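Chains as they are written, first to last, in my numbering: chain A, 1 to 331; chain B, 1 to 331; chain C, 1 to 331; chain D, 1 to 331; chain E, 1 to 331; chain F, 1 to 331. Glycine included, every Cβ here is placed at the ideal spot set by N, Cα and C. This structure is a prediction, so every number in the text was calculated from the model and none was measured. For reference, the structure discussed in these notes is given below.
Protein chains: 6
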Amino acid sequence: MKKIVTFGEVMMRLSPPGFERFTQTTTLDIAFGGTEANVAVSLAHFGYEAAHVTRFPDHPLGHSAVSYLRQFGVDTRHIRYGDGRLGLYFLETGAASRASQIVYDRIDSAFMRIQADEFDWETILQGADWFHWTGITPALSQGAADCLLTAIQTANRLGVPVSGDPVYRSNLWQYGKRPQEVIPALTEGCTLVLGNAGLFAHLYDIQEKDNEAAAQALRHQFPKVRYVTDTNREQLSASHNRLSAWLYDKERAYQSRTYDIQPIVDRIGTGDAYMAGLIYGLLTYADPQQALEFGVAASVLKHTILGDANIASVSEVNTLVQGDTSGKLKR
Amino acid sequence: MKKIVTFGEVMMRLSPPGFERFTQTTTLDIAFGGTEANVAVSLAHFGYEAAHVTRFPDHPLGHSAVSYLRQFGVDTRHIRYGDGRLGLYFLETGAASRASQIVYDRIDSAFMRIQADEFDWETILQGADWFHWTGITPALSQGAADCLLTAIQTANRLGVPVSGDPVYRSNLWQYGKRPQEVIPALTEGCTLVLGNAGLFAHLYDIQEKDNEAAAQALRHQFPKVRYVTDTNREQLSASHNRLSAWLYDKERAYQSRTYDIQPIVDRIGTGDAYMAGLIYGLLTYADPQQALEFGVAASVLKHTILGDANIASVSEVNTLVQGDTSGKLKR
Amino acid sequence: MKKIVTFGEVMMRLSPPGFERFTQTTTLDIAFGGTEANVAVSLAHFGYEAAHVTRFPDHPLGHSAVSYLRQFGVDTRHIRYGDGRLGLYFLETGAASRASQIVYDRIDSAFMRIQADEFDWETILQGADWFHWTGITPALSQGAADCLLTAIQTANRLGVPVSGDPVYRSNLWQYGKRPQEVIPALTEGCTLVLGNAGLFAHLYDIQEKDNEAAAQALRHQFPKVRYVTDTNREQLSASHNRLSAWLYDKERAYQSRTYDIQPIVDRIGTGDAYMAGLIYGLLTYADPQQALEFGVAASVLKHTILGDANIASVSEVNTLVQGDTSGKLKR
Amino acid sequence: MKKIVTFGEVMMRLSPPGFERFTQTTTLDIAFGGTEANVAVSLAHFGYEAAHVTRFPDHPLGHSAVSYLRQFGVDTRHIRYGDGRLGLYFLETGAASRASQIVYDRIDSAFMRIQADEFDWETILQGADWFHWTGITPALSQGAADCLLTAIQTANRLGVPVSGDPVYRSNLWQYGKRPQEVIPALTEGCTLVLGNAGLFAHLYDIQEKDNEAAAQALRHQFPKVRYVTDTNREQLSASHNRLSAWLYDKERAYQSRTYDIQPIVDRIGTGDAYMAGLIYGLLTYADPQQALEFGVAASVLKHTILGDANIASVSEVNTLVQGDTSGKLKR
Amino acid sequence: MKKIVTFGEVMMRLSPPGFERFTQTTTLDIAFGGTEANVAVSLAHFGYEAAHVTRFPDHPLGHSAVSYLRQFGVDTRHIRYGDGRLGLYFLETGAASRASQIVYDRIDSAFMRIQADEFDWETILQGADWFHWTGITPALSQGAADCLLTAIQTANRLGVPVSGDPVYRSNLWQYGKRPQEVIPALTEGCTLVLGNAGLFAHLYDIQEKDNEAAAQALRHQFPKVRYVTDTNREQLSASHNRLSAWLYDKERAYQSRTYDIQPIVDRIGTGDAYMAGLIYGLLTYADPQQALEFGVAASVLKHTILGDANIASVSEVNTLVQGDTSGKLKR
Amino acid sequence: MKKIVTFGEVMMRLSPPGFERFTQTTTLDIAFGGTEANVAVSLAHFGYEAAHVTRFPDHPLGHSAVSYLRQFGVDTRHIRYGDGRLGLYFLETGAASRASQIVYDRIDSAFMRIQADEFDWETILQGADWFHWTGITPALSQGAADCLLTAIQTANRLGVPVSGDPVYRSNLWQYGKRPQEVIPALTEGCTLVLGNAGLFAHLYDIQEKDNEAAAQALRHQFPKVRYVTDTNREQLSASHNRLSAWLYDKERAYQSRTYDIQPIVDRIGTGDAYMAGLIYGLLTYADPQQALEFGVAASVLKHTILGDANIASVSEVNTLVQGDTSGKLKR
């Protein structure tokens, strides 16, 4: 069984039931999520060993977050408790032409207060087959960024492949650094990078407008990088999207099938579901095309699942991969 | 007022609310259903007399099942209580490309323990205008199969028309018989049979690939059969189907209009809704085309109704039959 | 900040959750609504001052109705309490080809018992920039009709523009008058009238079949009228509509963009949302086309919002007006 | 099996969940109730045949009321449909020193519009063993009062024992009659009367202050009366009551055990539960003491049951009658 | 009509429904509260004018907080919006021997970021009959403390009576000041002070152990103080308390009746309910004993009401004051 | 950190919300429980390592049961999947004099189908500090009984202390054995036995009527037994109990404090909570009195917690042990 390690903040997600708006609801549904933890939960649900590393406040809400991860079988032994808040985010779910809306409330979280040397990565990554990080972590605090760099370097030393999703959120990065100062060193250690020409231009000053050319430029800049990948999403409305993905394995380009998704039940975490599916695929199948198709199908299914994480099974994903999108009742 | 009798198991249906998955829900919504009882509830809701015959355990859950039937006006006086469980099924509702899923938990039910002579069919069928059965009942136990055969033979003796839906579920039939040994004798007494060429090949060794030819072959094999019918369903996704139906009245073929159904609220029991609608139509209208259109429109409406049974009214069905699918608000 | 005054009955709306039918629900969700109050709530939510004038019973349900209005910032100081019931309506939400259904229970309400001189309109309309009424009010009782006439005449005297939505509901008008005897005098004082050729034929005996010609005829009959407007709705199903609107500003015709709306979350109050949006637009923008587009976009958004009133924000409406209907997540 | 007939209005009851107040709730739980129908439901639940006679509007809410009665096995064949509203009442549940509160909304109901000759009592009461009425019915309208008088007289003619609960509610009686003009003629035909000295003074001008003496005076005034009974309730708080009851069988006095009830789950219908229990007891047991104890124990259990009607079983009541109030878990 | 002004933070309160624990709930009920705002809501509910002054973030959660206050008729015109979070607190409700538990999450709130000169107190307090503050506000930040001091001094200048509840919470006061440095100057301007000997010793170095003596010492230290008051609470369990209160009006001592409260529905805000009741009493009744009894009875009722604020009516409070704690159903 | 191993069936528990009865509910709340697993969950929640051994069906309901255990940190690695059902039980919660009621539906469960040699106890018990079993397991099937005997013998061989709760349920034991044939051999290997004179008479033919004497007789019959213990429960009603416990440590008798518990939120699993508390106490404290008090206080707290398992913390239990039952709010 493969073992994957992820590192990042986990927030409590609070959302009005159904299509209620913030200003009319009297109740909030609880879920937990964080882009890296979502990957871990999905991989654990696919049957692999997944350990998530993070830091929580030592009070009942922090404990609930741990319970959430444990219930899906995620290994939580490396999680640490300390001062600071539990990050929260409030989610209002849109429909048709009304967009979903997120109010973040993650300031001064226990995760942000992480110290560079808080985790013993040597031990944590022992025996791991994959390590995954995203651009949220280094955007939160210097401690988190330092800690992540150590993790990646340790993974490199131990020969553990690393995937990076250097997503950029402009409202983070408030501790004095710009992403361009931090992200390249993290990308250095990656085997797989998620992103497109636009993002690479912003982060790495890559001038190619075309995804393929940009991917090759990225590989030249960071020679460890073998895979470059991203999804293409056509947003017809908050309830209706079309999705496909592409993957470069060194020079070779792969393009997935395109899926029509309607209605969308929960849009959050569909990118993480893609990443988890792709990692599963690359760890399981020899053929990159098969890995790519597994990733997209996993993401497609996530759109029908409430919560941040993709709790679809391998067999459900494979039903889609094999071309059956009929949604036929399973008895 | 017409009187219809149905016979079969009724299960408690437990389903996570909305689109929640089994592994994330903390609550289950209760409904009750069984393919034959669904037909009875729908016909009672259309304003006809409907009596359902079954066997329940004599405890609060069995009593709740009776309450459920009674609330729709189904005559429950012939129901018997005894040992055994209340059959259950767990339903997870899918969306888009995620299929709905059923976990059956019906082993050793009070219904399965039925004795061949447990019901006085002579009395029960007195004055009835129709009797309906399905292939689930003879698949459950020898006692249920024997009991059903007696019911059909009594109906034949009393001149009560019989409809049969000889649906085949491979995971039933665990008491030592194969359907081919049991179903033909039951089909013998039928005026109306639901099914298509594929099913007839499996059950009756009819080799015709085409539905029309297969229907005629069936009528030759079972001379009492006057009507053969089935629905055509195009499954675009778990949320989007297209539906039509066909009917052979002796040699004459009828084809219904096709409906586009989106979104699907509850797919379960839509076949039973068709059967109830068709029986209502055949008992009410002289024109088989009208009966067929009533049946399909009834089934179409059921896709928008929660629970196993079609609680649409005759006037709602007729709105569709008359071509208005605009869903315009009724004040 | 502009100030708008509206006048009309507010009912408690009771609806089964989700897609449950009346005969299967065990709980009813509470909202409050009335076509004129919906306009007030929407305008208050857009940030303008809105005062609603009505009459409630002096018991906890009447107080709840006031709380509802107050929570959106509607000025409730002119509301009066007295004898009579709180009007109710029961709403069942449809889907696909199953229509939504309303059971009204508004007989003998506190509003119907209004006396002609119950309100001091001189004070209420002081400083107002707009007054809005609909054809529901004069259909309820002689007192309500008289009171409304006084309000319109006072508005005219004070130079406050008046909009009228002379909607006709055949099951109202039970106090002995026909709409043709009452509505014209009310229309007399209007700057803006909502309706189409069919309605104008019925109410004002205007024979033009074409909306444009009928609008011009209306302006000739009622010289104060400057704007005539209405929406065009194509009802594909209870879950899927297409919507646009047109506006005549004196001789000049404006036509809005057309929106595809799927799925519809709540169809009730979408006409009121259009009216509120249009009033907002006319009070805010110099260009009638911009006002019209704001109105339609407001109405489109309302289809995605639970309850009678449009609690979309100006910026959400403008996102649509600017052409973005992608429903892209806002962080 | 004994057969009981009851006659009276059934209202939809709408109550905020748990201890929420009217002005803070966003949802209302649905139940149905009416003092006479509550007696019918309880007796049907005890296993006797119970038929309830009433009149409903012919719309989905009226149909829901019928479904409610049917689900408990109450015979609804004599119910008629017609014009008028479905009576409603809104219930807020109190706790400790905060009282429960009811807002009635029953004006102009379909029941109030009953015609004197609307029901064929001869047929309805055929084979009945008991008929029960209360003082609510004659307080609603002349038609209802007339209809009830016919029912009682028919029962007397057919030899069916009659029980009357001539409860007085001052906010009813709005059709021009005083109870003193109407109730005595109804009491005339009774075998059993519920009430105490205070009520008898008010209705029948009986001057005795003591319940026993007043009961005897009542029996002298109405010679058909054999049983006089009432409960004694000590109200310590909305959550804590003490309850007992007394019964005069001709000259002989019986006094029940006293029960301590804490916490009270639902206080509504506990008097009706007593009446149903007592009727059950008198129809089942030879010993009036046993009947009385059954009645009180039934009422005590009702305090723990949500809704208007007592859905306790005979065996649960008998557990209390036999002295076990330990609430010990039944496996 | 009297007008009261309050000033302080309002937090969103999130609590698991019923008796669920934090670690097992999947949903949180929303309420809003803050000790001073609770006083304002209660006084508004009693029918007086109440204005609450605070500062919220300008996002949907801040707007919801305003909606909450507005729905009870609290004047929210003086509320300001700005940067910072919406303070939150998570509440788990206990029962019997299990205590209720609060997790505060109020760090860096918009309220804490208040500037000393953010509000124009001269305008706000114009025409006011009372100003109320508590010890939470000066414990949050220097800006809040400064702002409060200005408010009190302005009230003094305008002749508006001031009440202070100098409650001490050790986990606040994190901005570098000790309460002893701040509270005395605020107490200086008070007419009424809530507290007992223990609190006064801590805050004002008053050595008297007895409440009466301590109250007199307080009055010597702060000559403006006329009333000193506090509640006595006997905590038998989380579900069962006994409550009374005392009041010194200058030299004269008043002692209230003692109430037994069981079961407790919601313990939060019962002290604020006392304060609101007492202020109402002092502004309404000439007799301090009557004011005191009104305050205690108000607090007693609050224990039966969900949420932070006492939404009991004056007539409900007076029912208790007049000695009726029977909780008898009000029809 | 201590490590405890438990073995037994885990069922899905389905219960109507609040005080709803089976026949009136439309929804069921999900929990999971089993007497031995409840002990494991409580001990895990106290912070010890707890592993539960059982067998589930390999479908989503079985997976949900595992998720439930995992979320509390119970080690589920030794759980096996196979054929058979997931055992269920339906629970209706009583109040006051209405008893709670359980309908078991556990026939033919995956656990019952356990094979004697299905688990490698040598590995499972390696490093364990305690093993716990109950009389439910050997009552279910020969395979379960055999498997348990192996577990106890292995524990004995490895020097792991064993506790047994030989509870007798007459409706189990349907596989042909009587408890007297099976339980003694299991008791043989126990260090601690839960039970009283009545149970010991039934199971072991011990004639002593007094608990102390019976305990000593038990120790003579089974020389390994060091501790004998049980709770004393006075059942005043379904909502009000009094609880204490006693413990014999060899010859020495200990008696706990008595607690008054009102209201009871959830009575299920309170015995298991005692056992978990006692095991925690014996593993943690040198003084048996302290262990005993910890056990009783744990059980008392469980009465206030929904679900089968005690999710109180060590510090909450110790608050009670130290005498504070005031339920005072913790901030």
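Going by DSSP, name the residue or residues bridged to residue i.
| i | result |
| --- | --- |
| A/E316 | Bridge partners of A/E316: none, in fact. |
| A/K3 | A/E49 |
| C/W133 | C/G164 |
| A/S109 | A/R85 |
Hey, out of the options, whose CA is closest to residue i's CA?
| i | options | result |
| --- | --- | --- |
| C/I183 | C/V167, C/Y175, C/L28 | C/V167 |
| E/L218 | E/D230, E/F200, E/E234, E/R233 | E/F200 |
| C/P138 | C/V160, C/A95, C/E122, C/T187 | C/T187 |
| A/L337 | A/K2, A/T76, A/F19, A/Y259 | Since the displayed chain A opens at 1 and closes at 331, residue 337 of chain A lies outside it and no answer follows. |
| B/P57 | B/A37, B/S67, B/R85 | B/R85 |
| D/T258 | D/Y248, D/R252, D/G269, D/F294 | D/F294 |
| D/T229 | D/P161, D/E118, D/D165 | D/D165 |
| D/K250 | D/S326, D/E212, D/R77 | D/E212 |
Using a cut-off of 7 angstroms between C-beta atoms, extract the partners of residue i located in chain E.
| i | result |
| --- | --- |
| F/T76 | Within 7 angstroms Cβ-Cβ: nothing; F/T76 doesn't reach chain E, min ~18 angstroms. |
| A/S64 | F22, T23 |
Name the chain A residues whose beta carbon is nearer than 7 angstroms to that of residue i?
| i | result |
| --- | --- |
| E/I107 | R85, D108 |
Expressed to the nearest angstrom, what Euclidean distance is found between the alpha-carbon atoms of residue i and residue j?
| i | j | result |
| --- | --- | --- |
| B/Y178 | B/A144 | In the sequence on display, residue 178 of chain B carries Arg and not Tyr. Roughly 14 angstroms between the two C-alpha positions. |
| F/G323 | E/S97 | 10 angstroms |
| A/V5 | A/L158 | 13 angstroms |
| E/G273 | D/G271 | It should be pointed out that residue 273 of chain E corresponds to Ala in this sequence rather than to Gly. Cα to Cα, the separation comes out at about 35 angstroms. |
| D/A312 | D/K302 | 7 angstroms |
| F/G120 | F/G135 | What sits at residue 120 of chain F in the sequence shown is Asp, not Gly. Roughly 21 angstroms between the two C-alpha positions. |
| E/L148 | E/G34 | 15 angstroms |
Please list the partners that residue i has in chain F, where partner means a Cβ-to-Cβ separation under 9 angstroms.
| i | result |
| --- | --- |
| B/L28 | L14, T27, L28, D29, I30 |
Starting from residue i, find everything on chain E with Cβ-Cβ shorter than 8 angstroms and list it in chain order.
| i | result |
| --- | --- |
| A/S299 | Those within 8 angstroms of A/S299 in chain E number zero; the least Cβ separation is about 25 angstroms. |
Chain D contacts from the stretch 258-275 of chain E (Cβ-Cβ distance under 9 angstroms): Using a CB distance below 9 angstroms, the part of the stretch 258-275 of chain E facing chain D consists of Y259, D260, I261, Q262, P263, I264, V265, D266, ordered along the chain.
Within 8 angstroms of chain D by C-beta, residues of the stretch 84-104 of chain F in sequence order: Identification of residues in the stretch 84-104 of chain F having a C-beta nearer than 8 angstroms to some C-beta of chain D yields G94, A95, A96, S97, R98, A99, S100, Q101, I102, Y104, given in sequence order.
Chain F contacts made by the stretch 157-189 of chain E, where a contact means CB separation under 8 angstroms: Here the close residues are R169, N171.
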